[in-house]
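K.L.:
The structure under discussion is supplied below as structure tokens; questions concerning it will follow.
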Amino acid sequence: MPPQSSLPSSSSLDHFLALHRISPRFAFLLENPEERLPVNFDCWHEICDSIPDLIESGANTRQLIANLPEIEIPSSFSYEQLRLCHLLLCTLVSAYLWAEKSTKPPSTLPRCLSIPFHSVSNSLGMKPVVSHHSTCLANWRRISGDLDRSKVIADDLDLIAFRFLKTSGNVWFFTLNAQLEFDFAPAIVAAASICHRGSSSTPSEIGDSLDRIITSINSCAALFVRFRERLTPAEFYHGLRPFLWGYANIEEGVIFEGVDSVPSRLPGASAAQSCTIQTMDAFLGVKHNGAEEEFLRGQRDFMPAPHREFIEWIEKTAQSSPLRTLIHSHPQFPDALRALDNFRSQHIRAVSLFISTQSSNSSESGTGGTPLIKFLKTVRADSNDVMPH
Ligand code: HEM
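Positions in the sequence shown are counted from 1; adding 109 to them yields this note's numbering.
See the structure below:
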């Protein structure tokens with residue numbers, strides 16, 4: 110991604126965002142997710158739609174999925190269609206591995222899954238494994254549309270796929286997360302607009318953007334307590350979370366039949382893959398170190414390539430002189446860091462409730478594979494390094 114100074118001067122912010130597949134209103138949340146693929150993909154939809162029933166009836170879900178035809182992904186598919194393919198394949202692969210709880214997960218993915226999953230992931234610059242970008246960002250639809258259609262309100266949302274439980278908690282976990290991503294959009298656009306203007310940004314423009322960042326992060330932080338409205342910790346931990354594991358905790362890994370003979374050990378979905386907080390760290394100059402830095406950088410590999418490049422551009426531009434000085438010396442800058450700290454504190458509370466209280470294992474790891482609370486507290490404390498004294 111070129112630095113700000115080499116952008117064509119006519120490039121408007123919206124056009125720039127569009128190049129990175131970022132919506133000025135929805136940011137990283139897909140604005141119009143595709144809900145249905147052409148008819149020859151009906152067999153994928155039929156299984157995805159019936160997984161909770163299949164699980165409840167004890168059906169041989171794995172066999173049903175293994176019998177699917179091998180379907181080629183057309184090169185004519187739109188970006189939204191490709192994102193839907195990735196979502197449906199995440200769903201089918203998670204069902205194939207984890208729906209039959211009484212048996213060990215298989216160590217090979219059949220060609221009907223491995224070939225299209227590999228192909229669509231390559232086209233999107235994503236990894237062939239369940240991810241936040243599919244289960245949350247490309248997985249929402251309005252129920253009635255009666256509520257304010259200019260907003261994304263979790264209470265009026267349903268999922269397109271990745272539904273494994275019959276209870277509402279499965280839907281709520283991802284739809285509340287989708288609302289959070291939407292409510293984060295003003296902060297993302299505010300950061301992008303300052304980086305787009307570069308060092309010609311005035312103190313008043315920087316102050317306005319920091320204000321929008323603070324308001325947006327604080328309203329998102331307030332959403333964390335709402336997870337418990339429709340999702341119990343036990344339902345999350347024991348019911349839903351197993352489907353979010355990728356291949357990392359399958360001892361032998363998973364071989365993609367017809368693609369690779371070396372097993373994949375890719376970790377599964379975590380909102381640590383969300384671009385929101387990574388964009389804020391990049392804009393505010395919050396740096397992480399050691400294992401934390403390695404993990405968070407690694408999470409970028411799970412983002413669609415244009416989003417990853419956007420974060421790299423924010424990081425490079427916001428940290429270049431003199432823009433960095435303009436941002437860091439602004440009177441609102443400490444409040445923006447405090448808002449980020451508050452977000453991370455609310456998040457740690459949610460992680461304690463939904464994971465720590467449920468786990469009998471004191472060295473419990475996240476689906477991304479981190480040693481949880483210690484990791485999250487270290488990451489939160491890293492803001493202190495840039496707090497003006
Ligand atoms: C009940 C809800 C949630 C639970 C149980 C949860 C759990 C976790 C866990 C276990 C980690 C450690 C990384 C790993 O190994 O996976 C993590 C990291 C992270 N999660 Fe969540 N998470 C939740 C909701 C969210 C939401 C809604 C966001 C919003 C973007 C989010 C953003 C992050 C971020 C950014 C990290 C990386 C650490 C950081 O930068 O502070 N999480 N989460």
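Glycine included, every Cβ here is placed at the ideal spot set by N, Cα and C.
#1: So what does DSSP say about residue 363, is it helix, strand or coil?
#2: Comparing the C-beta of residue 336 with each C-beta of chain D, is any distance below 9 Å?
#3: For residue 491, which residues from the same chain have a beta carbon less than 6 Å from its beta carbon, with the 5 sequence-adjacent residues on both sides left out?
#4: Give me the residue from 416, 377 and 362 with the minimum Cα distance to residue 385.
#5: Measure the beta-carbon distance from residue 216 to residue 362 and round it to whole angstroms, keeping in mind my assumption that it falls under 8 Å.
#6: Pull up the distance between the alpha-carbon of residue 208 and that of residue 352, whole angstroms please.
#7: Taking the straight line between their C-alpha atoms, what separation do you get for residue 482 and residue 460?
#8: Measure from the alpha carbon of residue 211 to the alpha carbon of each residue in 176, 171, 198 and 245, then state which is nearest.
#9: Please tell me whether, using a cut-off of 8 Å, the distance from the CB of residue 385 to the nearest non-hydrogen atom of the ligand HEM is below it.
#10: Quick one: Cα of residue 178 to Cα of residue 316, how far?
#11: Just how far apart, CA to CA, sit residue 127 and residue 303?
#12: Can you tell me whether residue 192 is buried or exposed? The criterion is at least 16 other CB atoms within 10 Å of its CB, across all chains shown.
#13: Just to confirm the assignment, what range does the alpha helix (DSSP H) spanning residue 415 have?
#14: Does the segment 429 to 437 touch the segment 251 to 261, meaning 3 or more C-beta pairs lie closer than 8 Å?
#15: So what's residue 321 in DSSP terms, helix, strand or just coil?
#16: Is the beta carbon of residue 419 closer than 9 Å to that of residue 388?
#17: I'd like the list of long-range same chain contacts for residue 292, defined as Cβ closer than 6 Å, with 5 residues on each side in sequence excluded.
#18: If you follow the alpha helix (DSSP H) that residue 149 is in, where does it begin and where does it stop?
#19: I need the DSSP call for residue 373, collapsed to helix, strand or coil.
#20: Is the beta carbon of residue 250 within less than 8 Å of some heavy atom of the ligand HEM?
#21: How many Å lie between residue 487 and residue 448 at the Cα?
#22: DSSP on residue 251, reduced to helix/strand/coil?
#23: Please confirm if the segment 133 to 153 is in contact with the segment 181 to 199, defined as three or more CB-CB distances below 8 Å between the two stretches.
#24: With 16 other CB atoms within 10 Å as the buried threshold, where does residue 111 fall?
P.N.:
Per the coordinate set shown:
#1: strand
#2: Among the chains of the structure shown, chain D does not appear; only one protein chain is present.
#3: 395 and 397
#4: 416
#5: About 7 Å separates the Cβ atoms of residue 216 and residue 362, confirming a contact at the 8 Å cut-off.
#6: 8 Å
#7: 8 Å
#8: 171
#9: yes
#10: 56 Å
#11: 17 Å
#12: buried
#13: 414 to 427
#14: no
#15: helix
#16: yes
#17: 328 and 329
#18: Here residue 149 belongs to no alpha helix (DSSP H), and DSSP marks it neither H nor E.
#19: strand
#20: no
#21: 17 Å
#22: Here residue 251 sits in strand by DSSP.
#23: yes
#24: Legend: pLDDT at residue 111 = 40, less than 50; position of this residue unreliable, no value from coordinates given.
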